[in-house]
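Undergrad: I'd like to ask you about the structure that follows.
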Amino acid sequence: MQDGAAPHTARRVLTWLTDHFEGRVISRFTEKTWASHSPNLNPLDFFLWGHLKDQMSGEQFQTLNDLKSLVERLISAVTPEQYEDTIQHFLLRMRRCVQRDGGHIEQLL
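Using my numbering, read the sequence shown as starting at 452 and increasing by one per residue.
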């Protein structure tokens, strides 16, 4: 699933995704379209990316490998409790989404 962010909708990116995922790409510019105001239900979006961003704040990287190593270490450091909290929050988001008939849910969380 790709939202409408420019890096996700570039022709080169969509071509690569389409070539590798054979019709399973959900995006603004593919056969299966992404709803422009869909609720944020993906745990990577509502937890992991923000968590990593917070942990990496102020870090400087000399190489791409340095960045990759830090991301790997930070992901490995996510605790079982954080995973459990994320699962519980995901379930709450799903319930709210059903209650709102697929509408916005952020204001309810």
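Beta carbons are placed, not taken as given, at the ideal position from N, Cα and C, and that holds for glycine. If you're wondering where the values come from, they're calculated on a predicted model, not measured in any experiment.
1) Excluding the five sequence neighbours on either side, which residues of its own chain have a C-beta within less than 8 Å of the C-beta of Glu482, listed in chain order?
2) Could you check what DSSP says for Ile538 in three-state terms: helix, strand or coil?
3) How should Val549 be labelled, buried or exposed, when 16 other C-beta atoms within 10 angstroms of its C-beta is the threshold for buried?
4) Where does Val522 land, buried or exposed, given buried means 16+ other C-beta within 10 angstroms?
5) Report the residue from Val464, Pro494, Ala456 whose alpha carbon sits nearest the alpha carbon of Asp536.
6) Do the segment 516 to 534 and the segment 546 to 560 meet, that is, are 3 or more Cβ pairs less than 8 Å apart?
7) Sorted by chain position, which residues of the same chain lie with C-beta nearer than 6 Å to Thr460's C-beta, five sequence neighbours on each side aside?
8) Excluding five sequence neighbours on each side, which residues of the same chain lie with their C-beta closer than 7 Å to the C-beta of Ile556?
9) By how many angstroms is the C-alpha of Leu503 removed from the C-alpha of Gly509?
10) Give me, in chain order, the residues of the same chain whose beta-carbon lies closer than 6 Å to that of Leu559; leave out the 5 immediate sequence neighbours on both sides.
TA: Reading off the structure:
1) Excluding sequence neighbours, Glu482 sits near Gly474.
2) helix
3) exposed
4) exposed
5) Of the residues Val464, Pro494, Ala456, the one whose Cα lies closest to the Cα of Asp536 is Pro494.
6) Cβ pair count under 8 Å is below three, so no.
7) Around Thr460: Arg479, Phe480.
8) Counting only Cβ-Cβ distances below 7 Å, and skipping sequence neighbours, we find Pro490, Arg544, Arg547, Cys548.
9) 12 Å
10) Arg547
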